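To start, the structure itself, in structure tokens.
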Amino acid sequence: MAEHCNLYDRAMYYDVIFKRDVSSEVKFVNDVYTKYHGGAISSVLDVACGPGYHARGFARDGVKSWGLDLRAEMLRYANDEAKKEGAAVSWIEADMRTFKLSAPVDVAFCMFDGLDCLLTNDNLVKHFQAVAANLTPKGLYIVDLSHPAEVSFSHYKKFHYHGQRDGISVDIHWATNDPKYDLATGIAHVALELHVDDNGKKIVVRDEADERLLFPQELSLLAAQSKSLEVVGWYGDFAINQPLDHSPKSRRMIGVFQKVG
1 MAEHCNLYDR
11 AMYYDVIFKR
21 DVSSEVKFVN
31 DVYTKYHGGA
41 ISSVLDVACG
51 PGYHARGFAR
61 DGVKSWGLDL
71 RAEMLRYAND
81 EAKKEGAAVS
91 WIEADMRTFK
101 LSAPVDVAFC
111 MFDGLDCLLT
121 NDNLVKHFQA
131 VAANLTPKGL
141 YIVDLSHPAE
151 VSFSHYKKFH
161 YHGQRDGISV
171 DIHWATNDPK
181 YDLATGIAHV
191 ALELHVDDNG
201 KKIVVRDEAD
211 ERLLFPQELS
221 LLAAQSKSLE
231 VVGWYGDFAI
241 NQPLDHSPKS
251 RRMIGVFQKV
261 G
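Using my numbering, the first residue of the sequence shown is number 1, and each one after it goes up by one.
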């Protein structure tokens, strides 16, 4: 399993860039649950949660929430932020392929390309099995990935994000090495640079990691191979009426999986 450790160990700078209002995404998860399961969500798991934006969002709505991540620094930061908001979240430092919660949840979700660090079919199958083992009957797993228009075997779109607050300015430049996906493995080696001005203190962080390109047919097959999940829907944004297609409004690739058996 590959990840950008140098970036994720700097949780506060990550948050300066990526913190956002996730209320529409929380609503989408609720809408998906209503459509494919029915009833109200009572518990959720935020997989590869980072600062735990979605876990905290559900917790603020009174839903029992878990946040899972491999990086202790991210979880410490997420916990501090949750306390400031009065959001009760249970945090677990664990591998997304082997984790075990104390009780199953109705919905799990993995946002913002958190799945692309699983580089082999075996790792993805193990992950699907671990998620399913921690879901209630007919529970859902929602996966948010880059739209194929942004990344493909012949194209990896570079991107730049900027954020600032409290005298801290942060810029991240992703894919600085012009990465290409290996045609046989679907894996690209991706470099990034983080430029920080922390109240006059200049910091540059460089990081590299492998990422896997994933497509709907591939994920559907691996879910079936896990004998624990099946795909029930694909969406192009956090909107229940937006299909995965080539339209400008289809900007993400969001898969909905349901526990079988």
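Beta carbons are placed, not taken as given, at the ideal position from N, Cα and C, and that holds for glycine. All values derive from a computational prediction rather than experimental measurement.
Reference residue i; option with closest CA among the options
i	options	result
Val143	Ser226, Gly233 and Val170	Gly233
Asp21	Ile41, His37, Val29 and Gly57	Gly57
Ser169	Trp66, His195 and Gly52	His195
Lys100	Ala82, Asp69 and Leu118	Asp69
Asn177	Asp210, Pro148 and His147	Asp210
Ala239	Ala223, Asp197, Ser23 and Phe257	Ser23
Phe257	Thr120, Ser43 and Ala108	Ala108
Asp113	Glu150, Asn134 and Lys83	Glu150
Arg71	Ala82, Leu45 and Asp95	Asp95
Ala48	Met111, Asp245 and Tyr36	Met111
Leu214	Ser247, Asn134, Asp116 and Asp197	Asp116
Lys83	Ser154, Tyr53, Lys158 and His37	Tyr53
Leu229	Tyr141, Gln164, Asn199 and Asp198	Tyr141
Leu118	Ala188, Asp237 and Arg10	Ala188
Ile172	Val44, Tyr235, Gly39 and Asp197	Asp197
Alpha-carbon to alpha-carbon, residue j and residue i
i	j	result
Lys249	Leu145	15 Å
Val262	Pro243	The shown model of the chain, from 1 to 261, leaves out residue 262, and the question about it has no answer.
Gln225	Asp122	10 Å
Lys201	Ile41	44 Å
Asp15	Gln217	33 Å
Val63	Phe28	15 Å
Leu192	Asp207	5 Å
Val205	Tyr13	11 Å
His246	Glu25	21 Å
Gly67	Trp91	5 Å
Lys158	Arg252	16 Å
Met74	Thr185	29 Å
Val190	Asp31	34 Å
Extent of the continuous alpha helix (DSSP H) run through residue i
i	result
His54	Tyr53 to Arg60
Phe128	Asn121 to Ala133
Ile17	Ala11 to Phe18
Ser102	Per DSSP, Ser102 belongs to no alpha helix (DSSP H) and is neither H nor E.
Residue range of the unbroken beta strand (DSSP E) whose run includes residue i
i	result
His162	Phe159 to Arg165
Ser226	Segment Pro216 to Ser226 is the alpha helix (DSSP H) holding Ser226; no beta strand (DSSP E) there.
Tyr235	Leu229 to Tyr235
Leu194	Ile187 to Asp198
Val105	Val105 to Cys110
Met74	Run containing Met74: none in the beta strand (DSSP E); it sits in the alpha helix (DSSP H), Ala72 to Glu85.
Phe257	Arg252 to Lys259
Ser23	Where Ser23 is concerned, there is no enclosing beta strand (DSSP E), although the alpha helix (DSSP H) it sits in stretches over Ser23 to Tyr36.
Ile92	Val89 to Glu93
Asp171	Ile168 to Trp174
CB-CB length for residue i against residue j, believed under 8 Å
i	j	result
Pro137	Tyr156	No, Pro137 and Tyr156 are not in contact; Cβ-Cβ is about 39 Å, not under 8 Å.
Tyr274	Pro51	Given a span of 1 to 261 for the chain in the structure shown, any question on residue 274 remains unanswerable.
- [ ] May I ask you to verify whether the segment 83 to 102 touches the segment 47 to 67, counting CB pairs closer than 8 Å and requiring at least 3?
- [x] yes
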